[in-house]
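Visitor: One structure coming up, written as structure tokens, with questions to follow.
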Amino acid sequence: MNLASSVGLSTKPSLPRLHSLLNSYIESRNRKQALLLFRQLLEYNVKPNDLTFSLLLKACTSSSSSSSSSALNSVNVNREANQIHTHLLKSGVDRFMYVSTALLDLYMKLGCVRNAHRLFDDMPDRDVVSWNALICGFSRNGCDFEALKLFVQMCKEGFFPHQTTLVSLVPSCGRQELVSQGKSIHGFGIKAGLDSDSHVKNSLTSMYAKCADLEAAEHLFEEIVEKSVVSWNTMIGAYGQNGFFDEAMLAFKRMQEESVPANLVTMVSLLSANADPESTHCHATKTGLVNDASVITSLICQYATHGNTESGELLYKSLPQKNLVSLTALMSSYTEKGNLFQVMSCFAHLQRLEMKLDAVAMVCILHGMKDPMDFGLGLAFHAYGLKSGLSADSLVANGLISLYSRFDKIETAFSLLSEIHGKTLISWNSLISGCVQAGRPSDALEVFFQMKMSGHSPDAITISSLLSGCCQLGYLQFGGRLHNYVLRNNLEVEDFVGTALIDMYIKCGRIEHAERVFKSIKEPCLATWNSMISGYSLYGLEHEALACFSEMQKQGIKPDKITFLGVLAACTHGGLVQEGRKHFQIMREQFNVVPDLQHYACMVGLFGRAGLFEEALMFIRNMEMEPDFAVWATLLSACCIHQEVKLGEYVAKKLFFLDSNNGGFFVLMSNLYAVKGMWDEVARVREMMRETGGDGCSGISVIEMTSLEDMNVNLSSSKSSLNANAWQPLLSLY
DNA sequence: TAATTCGAAT
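When we follow the UniProt record's numbering, the leftmost residue of the first sequence carries the number 1, and every step to the right adds one.
The structure is reproduced here in structure tokens:
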């Protein structure tokens with residue numbers, strides 16, 4: 001096929017004509033046509049000039065950022081950039097600083113930081129614009145330190161920074177560690193008189209927000225006289241990122257009052273600030289912003305957090321151009337609902353469209369496999385990862401580690417971790433939590449030790465996982481060390497870490513420590529309250545548990561199933577029948593919490609222990625679901641306590657038909673016969689227990705390990721084989 | 001300016 005006709009040229013074109021064609025390709029964002037045209041120009045021996053290159057680069061830059069660039073695609077674009085570079089040198093156009101700067105910019109947008117830097121070094125002359133492009137490129141590619149260094153170098157070489165320079169550089173300081181550098185640049189801006197610029201103010205606002213200094217962000221924002229959409233979006237985003245959702249909504253209202261029209265970034269920022277998906281959807285539809293893929297994706301996500309997968313599905317279907325990011329959001333929504341079948345339909349859909357998974361999508365799919373039945377599918381996706389090269393990505397490797405841990409394949413998880421080249425904290429955390437979840441806390445501690453050796457510091461996630469490992473080991477001493485670590489390193493003792501600490505102290509027998517931690521938490525969340533309530537209940541401190549429950553309500557926290565399990569258990573322990581009845585009633589009527597089998601079992605225990613057998617039986621009869629083994633077993637133990645032999649025998653029959661192999665069954669039967677004084681029968685049951693391998697639950701209790709020997713004795717009974725030497729350093733870790 | 005992964009409470 002004639003190349004010329006494909007771009008609409010049949011005769012040797014003039015340069016101005018070519019330029020006007022290139023301009024039209026820039027407008028239609030058609031990179032490919034622009035490149036074809038350029039090739040043709042070379043075939044016709046037309047000599048391109050600086051303007052030609054400038055237009056060509058513009059065509060490449062404008063489309064490469066908007067199109068969904070798959071990995072293969074960007075490899076091609078890289079090659080094209082190199083070829084343009086060669087022609088540029090050949091035709092001597094590199095003399096023109098603005099053309100070289102445009103190429104530098106393209107390299108940076110493609111992520112070719114090295115090429116860009118080399119090009120910059122080779123440039124015979126530089127100006128502020130080329131410095132800006134260089135600094136901006138480093139900053140956008142995440143090379144924050146380099147960006148800062150270059151800024152200093154630029155100043156040293158006598159170039160005076162422009163507003164744009166600051167706007168390019170400031171985002172690099174948007175992290176806690178670099179906040180002081182950010183402040184210096186802010187100060188520099190003030191001295192240099194660059195700070196009155198609203199773009200500079202916007203970027204500084206965003207920087208302070210990312211460093212969690214909302215006060216500074218608000219202060220800067222209020223200083224902006226003419227607040228643009230960008231300013232408003234920045235402030236809405238600032239509130240959202242720091243969890244101030246109400247303030248984000250208020251800012252949006254103010255923005256509307258000041259008649260600044262929202263754009264798609266506003267919608268996205270609002271949605272990530274937990275805005276109501278329905279009303280945001282409505283607003284976006286009215287203002288015509290709902291046609292944008294990123295708005296749709298954000299809506300899918302926000303609907304998903306509200307459990308509304310159906311709306312997400314409809315939104316995805318409404319997309320004219322399907323894309324991987326939106327599809328990943330939809331898959332994640334299905335994963336959240338535990339609907340792996342739908343996730344797989346999405347995958348099939350993706351293959352029909354001849355799209356390929358990327359690392360994020362892969363992680364999302366792996367995350368959806370939780371049931372032991374899914375393991376085969378997990379292996380298949382591991383294979384897909386190996387074939388496609390995706391499993392080399394550390395994100396995917398981390399996902400695989402959690403996948404294998406979920407299926408108790410800790411050894412595989414270990415070897416996967418050892419194969420990761422750039423191990424991140426998440427990689428280590430994945431394995432540590434994997435070990436804990438697989439019931440192998442001692443392995444978790446060993447991994448933790450290796451992690452420390454490799455130079456990583458634990459974060460809140462590491463600590464929470466390890467603390468719950470300590471519960472399993474009863475390892476109070478180590479738990480206490482972790483607590484010290486948290487305090488010394490100023491890790492926030494809220495939500496996760498706080499709850500894990502409370503739980504650890506409770507399970508290790510130190511409720512007074514748990515209380516102290518609890519009191520230090522300013523705003524305990526639901527899980528924290530639940531831990532404390534069930535802790536009190538576990539220790540038989542029913543009044544404290546109930547007091548805690550009412551205090552929690554005063555603080556405006558809505559109780560859930562677990563809260564009521566703790567409350568009802570407390571009533572049972574304390575024999576508070578009336579309180580128990582009341583709470584069981586208000587649970588549904590006042591809090592809309594539907595009782596499940598565990599709640600019913602609690603109530604049966606409450607009545608039974610109080611000797612109210614008629615009420616217990618009536619209660620079972622009125623249950624909305626079939627009573628299970630636990631419900632009847634609770635009643636039988638109450639019968640034993642009160643020597644209610646007749647009812648006991650009736651209940652025992654029920655239990656026998658439900659599950660005659662249950663280890664607990666033998667124990668209960670033996671107790672019943674003992675109550676009746678039927679010692680021969682007791683002996684017979686004991687004999688049966690021995691024959692069937694005991695009750696299956698005998699073990700050792702560990703509250704505190706006093707020496708390495710004790711530890712090894714206790715640990716060798718668990719599945720892991722542990723090297724005593726590996727533990728030695730743990731004892732002197734901090 | 002959109003998607004994902006590691007953490008607590010029965």
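Backbone N, C-alpha and C fix where the C-beta goes; we use that ideal spot for every residue, glycine too.
Just verifying my parser: in three-state terms, what is the DSSP assignment at residue 441?
Guide: Helix.
Visitor: Return the chain-ordered list of same chain residues with a C-beta closer than 7 angstroms to the C-beta of residue 297, the five sequence neighbours on each side being excluded.
Guide: Only 325, 326 and 329 meet the Cβ criterion.
Visitor: Would you report the Cα separation of residue 722 and residue 409, rounded to the nearest angstrom?
Guide: Only weak support exists for where residue 722 lies, its pLDDT of 36 falling under 50; the coordinates are left without a value.
Visitor: Taking the alpha helix (DSSP H) that residue 419 belongs to, which residues open and close that run?
Guide: 410-419 is the extent of the alpha helix (DSSP H) around residue 419.
Visitor: Which value, in whole angstroms, describes the spacing of the CA atoms of residue 66 and residue 113?
Guide: Interpretation of residue 66 is limited by its pLDDT of 41, a score under 50 that renders its predicted location unreliable; the figure taken from the coordinates is listed afterwards. Those two C-alpha atoms are separated by around 20 angstroms.
Visitor: Classify residue 706 as helix, strand or coil using the three-state DSSP reduction.
Guide: At residue 706 the pLDDT is 47, less than 50, meaning the model places this residue with poor confidence; the figure from the coordinates comes in the next sentence. Coil.
Visitor: Less than 9 angstroms between the C-beta atoms of residue 607 and residue 577, yes or no?
Guide: Cβ atoms of residue 607 and residue 577: closer than 9 angstroms.
Visitor: CA-CA distance, residue 220 and residue 291?
Guide: Distance between the alpha carbons of residue 220 and residue 291: 33 angstroms.
Visitor: Could you pull the start and end residues of the alpha helix (DSSP H) that residue 666 belongs to?
Guide: That run of the alpha helix (DSSP H) goes 663-676.
Visitor: Apart from the five residues on each side of it in sequence, which residues of its chain come closer than 6 angstroms, Cβ to Cβ, to residue 176?
Guide: Closer than 6 angstroms at Cβ, skipping near neighbours: 211.
Visitor: Quick check: what's the CA-CA separation for residue 397 versus residue 373?
Guide: C-alpha separation (whole angstroms): 21 angstroms.
Visitor: Are residue 401 and residue 413 touching if we call contact CB-CB under 9 angstroms?
Guide: In contact: residue 401 and residue 413 (Cβ atoms closer than 9 angstroms).
Visitor: Starting from residue 254, trace the alpha helix (DSSP H) both ways and give me its first and last residue.
Guide: Residues 245-257.
Visitor: So, with DSSP's three-state summary, where would you put residue 277?
Guide: In the structure shown, residue 277 sits in a helix (DSSP, three-state: H, G or I).
Visitor: At the level of alpha carbons, what is the spacing between residue 399 and residue 120?
Guide: C-alpha separation (whole angstroms): 39 angstroms.
Visitor: For residue 593 and residue 559, which I take to be in contact (beta-carbon distance under 8 angstroms), what is that distance rounded to the nearest angstrom?
Guide: Going by Cβ atoms, the distance from residue 593 to residue 559 rounds to 7 angstroms, so yes, they are a contact pair.
Visitor: Under 6 angstroms Cβ to Cβ from residue 14, same chain only, skipping five residues before and after it: list those, please.
Guide: None.
Visitor: Between residue 332 and residue 275, what straight-line distance do the alpha-carbon atoms span, to the nearest angstrom?
Guide: Straight-line Cα distance between these residues: approximately 19 angstroms.
Visitor: For residue 195, collect the residues of the same chain with a Cβ closer than 6 angstroms to its Cβ; drop the 5 residues on either side in sequence, then sort them by chain order.
Guide: 189, listed in sequence order.
Visitor: So the candidates are 85, 619 and 262; which of them puts its Cα closest to the Cα of residue 286?
Guide: Closest option to residue 286, Cα to Cα, is 262.
Visitor: Could you say which of 355, 368, 382 and 299 lies nearest to residue 311 if we only look at CA atoms?
Guide: The shortest C-alpha separation from residue 311 is found at 299.
Visitor: What is the rounded straight-line gap between the Cα of residue 247 and the Cα of residue 236?
Guide: Approximately 8 angstroms between the Cα atoms of the pair.
Visitor: Run through DSSP, which three-state label would residue 680 get?
Guide: Looking at residue 680 - three-state DSSP - the assignment turns out to be helix.
Visitor: I'd like to know whether the C-beta atoms of residue 217 and residue 238 end up nearer to each other than 9 angstroms.
Guide: Cβ atoms of residue 217 and residue 238: closer than 9 angstroms.
Visitor: Taking C-alpha atoms, which residue in 625, 523 and 342 lies nearest to residue 492?
Guide: Taking only the C-alpha atoms, the option nearest residue 492 is 523.
Visitor: Have a look at residue 157 and residue 191 and give me their C-alpha separation to the nearest angstrom.
Guide: Near 19 angstroms, if we compare the C-alpha coordinates of residue 191 and residue 157.
Visitor: If residue 84 and residue 57 are in contact, beta carbons under 8 angstroms, what's the gap, nearest whole angstrom?
Guide: The pair is a contact, with the Cβ atoms about 7 angstroms apart (cut-off 8 angstroms).
Visitor: Buried or exposed for residue 428, please, with buried defined as at least 16 other CB atoms from any protein chain shown within 10 angstroms of its CB.
Guide: With 16 or more other Cβ atoms within 10 Å, it is buried.
Visitor: Report buried or exposed for residue 28, applying the criterion of at least 16 other Cβ atoms within 10 angstroms of its Cβ.
Guide: Answer is exposed; the Cβ neighbour count stays below 16.
Visitor: Would you kindly work out how many angstroms separate the C-alpha atoms of residue 365 and residue 304, rounded to a whole number?
Guide: Their Cα atoms are separated by approximately 16 angstroms.
Visitor: Give the list of continuous alpha helix (DSSP H) stretches no shorter than 4 residues that lie fully inside the stretch 490-526.
Guide: 495-507 and 511-520, all fully within the stretch 490-526.
Visitor: Please report the residue range of the alpha helix (DSSP H) in which residue 296 lies.
Guide: Counting along the chain, the alpha helix (DSSP H) containing residue 296 begins and ends at 293-305.
Visitor: Quick check on the burial criterion: 16 or more other C-beta atoms within 10 angstroms. Buried or exposed for residue 440?
Guide: Under this definition residue 440 is a buried residue.
Visitor: Under 8 angstroms by Cβ, that's how I've got residue 611 and residue 633 pegged, so tell me the actual separation to the nearest angstrom.
Guide: Not confirmed; about 18 angstroms, so no contact.
Visitor: What is the DSSP secondary structure of residue 760, reduced to helix, strand or coil?
Guide: Shown here, the chain extends from 1 to 734; a query on residue 760 therefore has no answer.
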